[in-house]
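Using UniProt numbering, the final residue of the sequence shown is 348, and nothing's skipped along the way. Everything below concerns the one structure shown next.
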Amino acid sequence: MMEIKVFARMADANLNRAREGLRVMEDVARFILQESSLTERVREARHKLRQAAALLPFECLTARDVKEDPGVDFPEEPHPSAGALAISNARRVQEAARVLEETARFAAPEVAGDFKRLRFLAYELEQLFAARLSLKEKASFLKRLRLYVIVGSAHTSGRPVVDVAREAIRGGAQIIQLREKELPARDFLASARALREVTAKAGVPLIINDRADIAAAVGADGVHLGQEDLPPAAARRLLGERAIIGVSTHSVSEALRAEKEGADYIGFGPVFPTKTKPECAARGVEALKEVLGQVRLPVVAIGGITPANLPQVLGAGARRVAVVSAVAGAANVAAEAALLLKMLEGFN
Numbered sequence: 001m002m003e004i005k006v007f008a009r010m011a012d013a014n015l016n017r018a019r020e021g022l023r024v025m026e027d028v029a030r031f032i033l034q035e036s037s038l039t040e041r042v043r044e045a046r047h048k049l050r051q052a053a054a055l056l057p058f059e060c061l062t063a064r065d066v067k068e069d070p071g072v073d074f075p076e077e078p079h080p081s082a083g084a085l086a087i088s089n090a091r092r093v094q095e096a097a098r099v100l101e102e103t104a105r106f107a108a109p110e111v112a113g114d115f116k117r118l119r120f121l122a123y124e125l126e127q128l129f130a131a132r133l134s135l136k137e138k139a140s141f142l143k144r145l146r147l148y149v150i151v152g153s154a155h156t157s158g159r160p161v162v163d164v165a166r167e168a169i170r171g172g173a174q175i176i177q178l179r180e181k182e183l184p185a186r187d188f189l190a191s192a193r194a195l196r197e198v199t200a201k202a203g204v205p206l207i208i209n210d211r212a213d214i215a216a217a218v219g220a221d222g223v224h225l226g227q228e229d230l231p232p233a234a235a236r237r238l239l240g241e242r243a244i245i246g247v248s249t250h251s252v253s254e255a256l257r258a259e260k261e262g263a264d265y266i267g268f269g270p271v272f273p274t275k276t277k278p279e280c281a282a283r284g285v286e287a288l289k290e291v292l293g294q295v296r297l298p299v300v301a302i303g304g305i306t307p308a309n310l311p312q313v314l315g316a317g318a319r320r321v322a323v324v325s326a327v328a329g330a331a332n333v334a335a336e337a338a339l340l341l342k343m344l345e346g347f348n
């Protein structure tokens with residue numbers, strides 16, 4: 001009799017844990033993600049939990065003993081984001097379902113399979129939430145993005161790339177791209193690894209230019225592709241849904257194609273003549289304005305942008321700019337980055 005009561009208390013505690021976890025997940029899907037299909041999947045899981053609980057051969061509620069439960073005082077860690085909240089609760093449901101499954105094997109073996117199926121449904125829900133939330137967080141970041149700084153050994157005036165990147169971040173760079181057109185692959189990889197440490201510590205995304213393989217090898221946050229590189233879909237298969245994938249474009253047609261092919265943002269330019277790509281003719285602010293008017297993706301203006309001509313770029317409607325020499329080649333990298341960011345954030 002004592003053993004049955006103990007199992008009833010275990011079942012009660014884990015039914016509560018699973019119910020609460022599913023309710024939190026449902027509210028994240030409903031109010032934060034605003035996804036009706038995902039909300040319905042969680043409601044389906046709650047229904048399955050109720051059905052399985054009704055088949056247990058003991059009365060859980062009467063076995064509850066809150067005053068004597070040491071779990072009341074267990075500490076709980078805060079969740080830093082909606083994503084962490086949803087994933088944490090999905091894992092609570094998985095753990096609770098496992099305990100319920102094992103409890104049922106002792107007291108009601110015919111119900112154990114129901115809790116096992118619930119556990120696997122919770123695994124699937126965790127994966128769905130992770131994918132949906134990463135897409136939302138990525139879109140939110142790109143919407144807030146203003147200053148994008150590109151670094152590479154050809155553009156840092158002989159200074160170590162990691163030092164220049166560190167100073168750019170100190171000045172306000174919100175994303176760093178590593179561009180190395182001439183380095184051998186092994187040297188590129190070593191530079192990317194060193195830069196990954198700097199950006200990870202600062203909480204700033206790292207994008208690798210052209211090389212999705214190097215981006216994957218160092219755990220970068222994404223890749224920026226040229227017109228002759230892998231299509232976005234192929235890069236995403238290598239890097240996953242969380243990856244930020246950008247594409248360089250030089251015309252409205254290229255911008256629209258990048259959007260159709262699944263890019264997260266486009267770089268458009270060169271807006272002005274640039275020493276970084278002297279072979280590319282400047283497109284000008286009117287072409288930039290045309291692209292901004294025709295694509296829904298975030299557009300990052302690039303090419304010859306400096307504090308002196310930035311007002312023209314902003315006047316065309318751009319709110320995000322990428323710079324190479326203006327920051328990476330500046331005598332005071334942090335100060336130049338800070339000036340550009342101030343101008344970008346101060347424009348109405």
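Using N, Cα and C, we set each Cβ at its ideal position, and we do this for glycine too.
Query	Result
Within the same chain, show all residues whose beta-carbon is closer than 8 Å to that of residue 420, passing over the 5 residues directly before and after it, in chain order.	Any answer about residue 420 is impossible in this case: the structure gives the chain only from 1 up to 348.
What is the DSSP secondary structure of alanine 335, counted as helix, strand or coil?	helix
Rounding to the nearest angstrom, what Cα-Cα distance links alanine 8 and alanine 97 in this structure?	14 Å
Mapping DSSP to helix, strand and coil, what is valine 300?	strand
For the candidate residues Ser253, Ser248, Leu292 and Lys289, whose alpha-carbon lies nearest to that of lysine 277?	Ser248
Rounded to whole angstroms, what's the CA-CA distance from phenylalanine 141 to alanine 112? Just pull it up for me.	43 Å
From lysine 342 to leucine 314, what does the alpha carbon distance come to, in whole angstroms?	13 Å
Enumerate in chain order the residues of its own chain whose CB-to-CB distance from alanine 13 is below 6 Å, with the five nearest sequence positions on each side excluded.	none
Does DSSP classify serine 251 as helix, strand or coil?	coil
Kindly indicate the opening and closing residues of the beta strand (DSSP E) around valine 323.	321–323
Given this structure, state the Cα-to-Cα distance separating glutamate 290 from valine 252, to the nearest angstrom.	7 Å
Can you say whether serine 191 is buried or exposed, counting buried as having 16 or more other CB atoms within 10 angstroms of its CB?	buried
May I ask you to verify whether the stretch 238–246 touches the stretch 211–228, counting CB pairs closer than 8 Å and requiring at least 3?	yes
Indicate the three-state DSSP secondary structure (helix, strand or coil) for glycine 267 in the structure shown.	strand
From the DSSP output, in three-state form, read off glutamine 34 for me.	coil
Let's see if you can read the secondary structure: which residues bound the beta strand (DSSP E) around asparagine 209?	206–209
Measure from the alpha carbon of arginine 5 to the alpha carbon of each residue in Asp264, Arg170, Phe106 and Leu189, then state which is nearest.	The sequence given here places lysine at residue 5; arginine does not occur at that position. Of the candidates Asp264, Arg170, Phe106 and Leu189, the one whose C-alpha sits nearest the C-alpha of lysine 5 is Phe106.
Cutting at 7 Å between CB atoms, please list the residues of its own chain near leucine 230, excluding the five before and the five after it.	Ala212
How many angstroms separate the CA atom of proline 298 from the CA atom of isoleucine 266?	7 Å
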